[in-house]
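J.: One structure, as structure tokens, below. Some questions next.
Protein chains: 2
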Amino acid sequence: MKDKLTIIKVGGAVLNDNKIFKTFLNNFSKIEEKKILVHGGGIIASNYMVRLGIPPKFIKGRRITDEKTLDVAIMTYAGLINKKIVAQLQKLNCNSIGLSGADCNLIRSKKREIKDIDFGLVGDITKVNVNFINNLIKTNIHPVICSLSHDGNGQLLNTNADTIASKFAIELSSIYDVTLKFCFDKGGVLTNQNDSSTIISSININDYESLINQNIITDGMIPKIENCFNALKKGVKNILIGDHDIIKNEKDCTKLTLK
Amino acid sequence: MKDKLTIIKVGGAVLNDNKIFKTFLNNFSKIEEKKILVHGGGIIASNYMVRLGIPPKFIKGRRITDEKTLDVAIMTYAGLINKKIVAQLQKLNCNSIGLSGADCNLIRSKKREIKDIDFGLVGDITKVNVNFINNLIKTNIHPVICSLSHDGNGQLLNTNADTIASKFAIELSSIYDVTLKFCFDKGGVLTNQNDSSTIISSININDYESLINQNIITDGMIPKIENCFNALKKGVKNILIGDHDIIKNEKDCTKLTLK
Chain Y
679 MKDKLTIIKV GGAVLNDNKI FKTFLNNFSK IEEKKILVHG GGIIASNYMV RLGIPPKFIK
739 GRRITDEKTL DVAIMTYAGL INKKIVAQLQ KLNCNSIGLS GADCNLIRSK KREIKDIDFG
799 LVGDITKVNV NFINNLIKTN IHPVICSLSH DGNGQLLNTN ADTIASKFAI ELSSIYDVTL
859 KFCFDKGGVL TNQNDSSTII SSININDYES LINQNIITDG MIPKIENCFN ALKKGVKNIL
919 IGDHDIIKNE KDCTKLTLK
Chain V
679 MKDKLTIIKV GGAVLNDNKI FKTFLNNFSK IEEKKILVHG GGIIASNYMV RLGIPPKFIK
739 GRRITDEKTL DVAIMTYAGL INKKIVAQLQ KLNCNSIGLS GADCNLIRSK KREIKDIDFG
799 LVGDITKVNV NFINNLIKTN IHPVICSLSH DGNGQLLNTN ADTIASKFAI ELSSIYDVTL
859 KFCFDKGGVL TNQNDSSTII SSININDYES LINQNIITDG MIPKIENCFN ALKKGVKNIL
919 IGDHDIIKNE KDCTKLTLK
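See below:
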């Protein structure tokens with residue numbers, strides 16, 4: 679039987695609220711099985727960009743990463759957020775290590791090709807260093823990975839944290855029984871965006887098509903859920919989407935299943 | 679016979695000049711023996727502080743680290759500078775990992791007690807994780823350590839990079855023949871601060887006293903050199919002070935010796 683591994687992806691909204699941030703890390707530290715934390719921090723980066731006089735750029739709701747934006751992403755994701763998480767986890771006796779994709783060649787990527795939109799310094803993952811991560815996990819060091827990769831040619835690249843979490847979940851599924859949990863600012867996928875009680879408890883691939891047709895799953899949630907089904911097909915055992923509470927409570931959230 | 683280990687400490691002035699930065703890392707990547715890079719980045723942090731409207735505070739030439747200053751230090755030291763170094767070293771096929779003192783409990787410290795000056799969120803090192811660093815070195819992973827420690831109670835602390843480099847040099851001297859090189863913006867200790875050709879090629883403890891009396895060694899250089907003699911007494915083999923060129927050329931610089 680394989681050992682269990684939990685991979686948690688947490689978004690900027692959870693990280694930006696000091697009280698939720700501490701509760702979240704407290705719960706994370708109590709996960710008894712092996713664990714990895716993957717984080718973004720777009721909200722915090724955007725706040726610093728405004729303060730530095732760098733206007734955040736978006737096209738069709740998606741962030742465009744120019745050089746100055748990338749610098750702020752590096753400072754906030756790999757610096758401020760990552761190290762504050764690690765220091766807090768050390769306090770909780772959870773021995774962790776903060777990593778970007780450049781460290782030990784953890785996440786190699788290719789700058790996204792320009793099609794209709796030029797996303798700028800954004801990377802699509804080509805390879806992750808599974809051996810290095812597994813060596814850490816095996817010695818009970820808990821990796822905290824931020825959403826930056828590198829191209830092997832000296833360039834750091836902004837990279838989607840959901841995709842990083844899914845990629846590690848897939849690659850580590852050959853060694854572990856992997857549960858992947860996406861923590862964001864809602865309790866799960868909602869049928870009514872304005873009513874937090876309308877969490878869909880379970881979505882399978884057939885439901886998914888129909889939920890898109892009904893305009894219940896829209897915009898940014900579409901690639902998020904596609905990502906999940908892809909990971910399930912490639913061997914990830916369980917995938918849950920919900921708020922920061924899903925680390926310890928799996929009742930109120932959305933489970934993704936193939937059938 | 680012990681293996682050789684080179685520890686390089688590099689200051690903000692070298693890191694702030696893009697051309698020197700690349701030459702420096704190119705030379706660092708070519709060191710054939712085992713190696714560690716320790717860096718600060720005060721100049722870069724100060725620049726961002728000005729841009730963010732946070733006035734850098736100094737008392738008697740020494741930085742005072744309040745909460746906002748620490749945030750900028752975390753962003754620039756552990757984020758921007760550290761990850762750009764690592765990405766560049768990966769390009770040069772030098773497999774490196776960027777670390778702060780919180781990562782894997784690398785550098786534990788105690789907040790400096792208030793005597794005549796309240797330095798704020800500054801840490802004095804109490805313990806370094808030699809085993810973890812040695813495990814990395816043994817597997818040919820080159821640590822890049824920034825000048826931040828943590829107190830084990832969730833607080834990151836600004837910590838002198840010279841002291842970090844010396845501390846690791848001392849602790850690793852039981853395992854390796856350690857050479858410690860301090861790279862800064864001058865060619866070494868100068869007899870005339872305005873004449874870069876007046877490098878003192880060698881200083882021993884007796885010279886040191888006399889150089890202080892002659893006002894040749896003053897201000898920030900005094901603790902720097904005291905630090906060096908302390909490290910030599912505790913087993914570090916060689917210590918050199920000079921510009922970024924001393925990585926490959928040990929001729930034009932200041933060597934510290936006990937006798």
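Going line by line, the protein sequences match chains Y and V. With the working numbering applied, the first sequence corresponds to residues 679 to 937, in that order. With the working numbering applied, the second sequence corresponds to residues 679 to 937, in that order. Virtual Cβ for every residue (Gly too), placed ideally from N, Cα, C.
#1: Reducing DSSP to helix, strand and coil, say where Cys931/V ends up.
#2: Spell out whether any CB of chain Y is found under 8 Å from the CB atom of His717/V.
#3: Using the Cβ count rule (16 or more neighbours within 10 Å means buried), how would you classify Asp794/Y?
#4: From Lys816/V to Asp796/Y, what does the alpha carbon distance come to, in whole angstroms?
#5: Quick one: what does DSSP say Val867/V is sitting in, helix, strand or coil?
#6: Which residues, in order along the segment 763 to 791 of chain Y, keep a beta-carbon less than 8 Å from a beta-carbon of chain V?
#7: On the DSSP letters alone, give me the boundaries of the alpha helix (DSSP H) that Leu748/Y sits inside.
#8: Give the secondary structure of Ile900/Y by DSSP, where H, G and I count as helix, E and B as strand, and everything else as coil.
#9: Could you name the residues that DSSP lists as bridge partners for Cys906/Y?
#10: By Cβ distance, which residues of its chain are closer than 7 Å to Asn694/Y, with the 5 residues on each side in sequence left out?
#11: If you compare alpha carbons, which of Asn891/Y, Phe907/Y and Val856/Y is closest to Ser880/Y?
#12: Would you say Thr754/Y reaches chain V, if we count a Cβ-Cβ gap shorter than 8 Å as a contact?
#13: Relative to the C-alpha of Lys682/Y, which candidate in Ser852/Y, Asn927/Y, Ile890/Y and Ala843/Y has its C-alpha closest?
#14: Of all the options Ile752/Y, Lys712/Y and Phe702/Y, which has the alpha carbon lying nearest to the alpha carbon of Asp855/Y?
#15: Alpha carbon to alpha carbon, what distance is there between Thr876/Y and Leu918/Y?
#16: Taking the Cβ atom as the reference point for each residue, do Val800/Y and Arg786/Y lie within a distance shorter than 8 Å?
#17: How many Å lie between Gly832/Y and Asn872/V at the Cα?
#18: Between Glu928/V, His922/V and Lys845/V, which has its C-alpha nearest Ala909/V's C-alpha?
#19: Specify, as a first and last residue, the run of the alpha helix (DSSP H) that Ile762/V falls within.
#20: For chain Y, is any of its Cβ atoms less than 8 Å away from the one on Asp802/V?
#21: In or out: Pro821/Y buried (at least 16 other Cβ within 10 Å) or exposed?
#22: If we define contact as Cβ-Cβ less than 8 Å, is Leu834/Y a contact residue for chain V?
T.: Working from what's here:
#1: Note: Cys931/V maps to coil in three-state DSSP.
#2: no
#3: Only exposed fits Asp794/Y, as fewer than 16 other CB atoms lie within 10 angstroms of its CB.
#4: Rounded to the nearest angstrom, the gap between the Cα atoms of Lys816/V and Asp796/Y is 42 Å.
#5: coil
#6: Val764, Ala765, Gln766, Gln768, Lys769, Asn773, Ser774, Ile775, Gly776, Leu777, Ser778, Ala780, Asp781, Cys782 and Asn783
#7: Glu745 to Ala751
#8: Of the three classes helix, strand and coil, the one that applies to Ile900/Y here is helix, per DSSP.
#9: Cys906/Y pairs with nothing; no bridge assigned.
#10: If the five residues before and after Asn694/Y are omitted, its C-beta is found closer than 7 Å to the C-beta atoms of Ile721 and Ile722, all from its own chain and listed in chain order.
#11: Phe907/Y
#12: yes
#13: Ser852/Y
#14: Nearest C-alpha to Asp855/Y: Lys712/Y.
#15: 16 Å
#16: no
#17: 36 Å
#18: Lys845/V
#19: The identity of residue 762/V in the sequence shown is Lys, whereas the question assumes Ile. Taken as a continuous stretch (DSSP letters only), the alpha helix (DSSP H) holding Lys762/V covers Asn760 to Lys769.
#20: Asp802/V does not count as touching chain Y.
#21: Buried: at least 16 other Cβ atoms inside 10 Å.
#22: yes
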